[in-house]
Structures are given as C-alpha cells and as structure tokens.
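Numbering (our numbering), first residue to last: -2 to 339.
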C-alpha cells in the first residue's frame, strides 16, 4: 500500500516542486492538495508543467480528511504554519517547510520573526531537518522542521569544519547568492522582471537576515560556545540556485580532507577535487550539494564554495529526503534524478 500524502500550500513554488518529485515516487501517493486563493482550481491550470499528472484538485485545508493521510508536507507561509499544524491530528507525521519550528528557543523565534511563538509545545517536539546531520532523530520524529535554503547551504560548507576545530570561529564570512524563487510566488514589486533583471543586489545586510538564527543555533551547538558568522545574501536574476562563498581561516588542505571524509558516504553531497569550484548550473533541479575548496593567496586562509538548488536540496528535495526516513523508506527514493543541464 502506498503512503498517502497531503501537501498544504501546493500552489507555491515549493509545493509544485514537491509534486514534481513525488510524481515518480514508487511508494507515495498524493491524495490531497491545498491552496488558499487558488482553491477549486486544478493543479495543471496553476502549474501547466504538471498538467500531465492525475492530481486531486486544490481545496481549502479544512476540506481535507486527514484520517486518510499518512504524512503532510506543510509548505505554508511563516507564522501561519504554527496554528495549522497545531490543529492537525497528533498522530499525523508532518514535514514543515516554513521557518516556524526551526528555532528551538521561543525567544530566538520572537527575535528573528518579530512575534511570539503560539505553539511552543510543538516547537519543543520538532526535529531540525538537515538530514545528513540529524538522520536518526528525523527517522524517529513526528514533526520535522526543514531548514532555510540559505542556512542549509552555509551549514554544508561549515559544519564538519566547526565540529573538527579546523577554522577560526571568530573569522567566518558567508557571501551568498540566491535565485529569485527563494522569495516565493506572491507578486512583489522588487521581483518584477524590469526591477530584477540585469542586476544583483544585497539584502538582509548587517546581520538582520532571519537565517542567521539558524546559523547561530547550529554553529554554537557544534562549537560548545557562541559563534556568530558574518552573512550577506544577494539576489540573483536567476530562477533557481544558491552559491555560497565562505571565507575561513584554516589550512586549505586539511579543510578539503575533512569535507571529503565527512561526506564520503553521503549520496547527495559531492566534494570536488581540491582547487575546483562548483556552479549552480550543475545542481539545477537535483537534490545534490557540490562543495569546492580553494586555497587563498594568503597562507592559512581557505575559500569553501557550496552550490545547491534552493527549491530542491534547499527545500522540497530535503523535505522528501526527511519524509522517506520518517516513513521507513530508503532515504534516496525518488531523489536520484540528475540535475537539468544546460
């Protein structure tokens, strides 16, 4: 019997990406899709690239019979997700793609998201969803909080290095470029073609970007003391992809060796030969991370570059990876499709 799957917020980019990935999954069947403004429409009319699929129509959340569902992907906006998940049956497995359960400390959530958390019991239950580092916890979890796409990219580059004590914790810079789909599908003036194309700009400058909350939480826990990185994201005139250039103080050869060892058995993380650096064009549409290490001209300085697709490995692919574990499936099921090139 296939696992019965519902996707809440299916009319957004991450919802559509989940449908694309689940369409060929051998043991998962989509039985419900929800939307707000687009409720009542067919998924194929909202996303014509999915019109060949036999999918349920989009409905309001309260029209879904959750007793017939095994796992829910929740791809709703931040802040609204808490009350929705709080209203779901307590035995229902949930993979949340919003930011509402990523931060373990309610005070940290209020700091970064500007409002108190309204489901703190669930927040305490949630497992952080960076699969490669929380695999055992995710396998046993009922509620998994997927990471931010920027936060995932920076962590793939840095977690093994911080854990091994190979970099100066007070001298880490993450310079990150991200495609526009990370901003969601809602109309925004600054995302119009005439406003965005032919240019690149920084945003969330000076330590105010919300994904810093995840960096603070995860890196500090790894190091056993407070770690605050410098992080500046930039919006690219591209649909998909994240490229993070991470500047650290440490031995480049030792850093490359540690990353190679740490990810040797990971099916979705590829560490490139020393001196080679990745590109977003080589991970587009795939659930893969490419990591490269280059030595700086100054001794004891290294540059670590990470590339992933923000909608796949940074969001919906990561969510499916987690769901596979939660439902007792092989972690790679439905996710080994090659990236799209060119």
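Here a beta-carbon is modelled for each residue, glycine too, at the ideal position from N, C-alpha and C.
{"Asked": "Whole-angstrom distance between residue 38 and residue 332, CA atom to CA atom", "Found": "28 Å"}
{"Asked": "Segments assigned alpha helix (DSSP H), at least 4 residues, entirely inside the region 201 to 276", "Found": "209 to 220 and 249 to 259"}
{"Asked": "Cut-off 6 Å between Cβ atoms - residues of its own chain near residue 41, not counting five sequence neighbours on either side", "Found": "47 and 48"}
{"Asked": "Burial state of residue 200 (16 or more Cβ within 10 Å)", "Found": "exposed"}
{"Asked": "Rounded Cβ spacing between residue 232 and residue 197 (contact assumed at less than 8 Å)", "Found": "7 Å"}
{"Asked": "Reduced DSSP secondary structure (H/G/I, E/B, other) of residue 71", "Found": "strand"}
{"Asked": "Beta-ladder partner(s) of residue 39, from DSSP", "Found": "Its beta-bridge partners do not exist; DSSP assigns none."}
{"Asked": "Boundaries of the alpha helix (DSSP H) in which residue 12 is found, first to last residue", "Found": "10 to 19"}
{"Asked": "Completely contained beta strand (DSSP E) runs for the region 65 to 134, where each covers 3 or more residues", "Found": "68 to 71 and 90 to 93"}
{"Asked": "Inter-residue CB distance, residue 305 and residue 150 (contact presumed, cutoff 8 Å)", "Found": "6 Å"}
{"Asked": "Residues bridged to residue 198 (per DSSP)", "Found": "232"}
{"Asked": "For residue 138, the nearest candidate out of 327, 321, 335 and 330 (CA to CA)", "Found": "321"}
{"Asked": "Residue 90 burial status per 10 Å Cβ neighbour count (16 or more: buried)", "Found": "buried"}
{"Asked": "Pairwise C-alpha distance: residue 9 and residue 86", "Found": "24 Å"}
{"Asked": "C-beta atoms of residue 66 and residue 7 nearer than 8 Å", "Found": "no"}
{"Asked": "Residue span of the alpha helix (DSSP H) that contains residue -2, given as start and end", "Found": "No alpha helix (DSSP H) holds residue -2; DSSP gives it neither H nor E."}
{"Asked": "For residue 49, three-class secondary structure by DSSP", "Found": "coil"}
{"Asked": "Residue 316 - DSSP class collapsed to helix/strand/coil", "Found": "helix"}
{"Asked": "Residue 223, buried or exposed, once every other Cβ within 10 Å from all chains shown has been counted against 16", "Found": "exposed"}
{"Asked": "C-beta neighbour in chain D for residue 116, strict 8 Å", "Found": "The question asks about chain D, but that chain is absent: this structure has only one protein chain."}
{"Asked": "Option in 175, 162 and 326 with minimal Cα separation from residue 235", "Found": "175"}
{"Asked": "Three-state secondary structure (DSSP) of residue 26", "Found": "strand"}
{"Asked": "Residue 284 classed as buried or exposed, judged by whether at least 16 other C-beta atoms fall within 10 angstroms", "Found": "buried"}
{"Asked": "Beta-carbon separation (whole angstroms), residue 158 vs residue 245, contact threshold 8 Å", "Found": "7 Å"}
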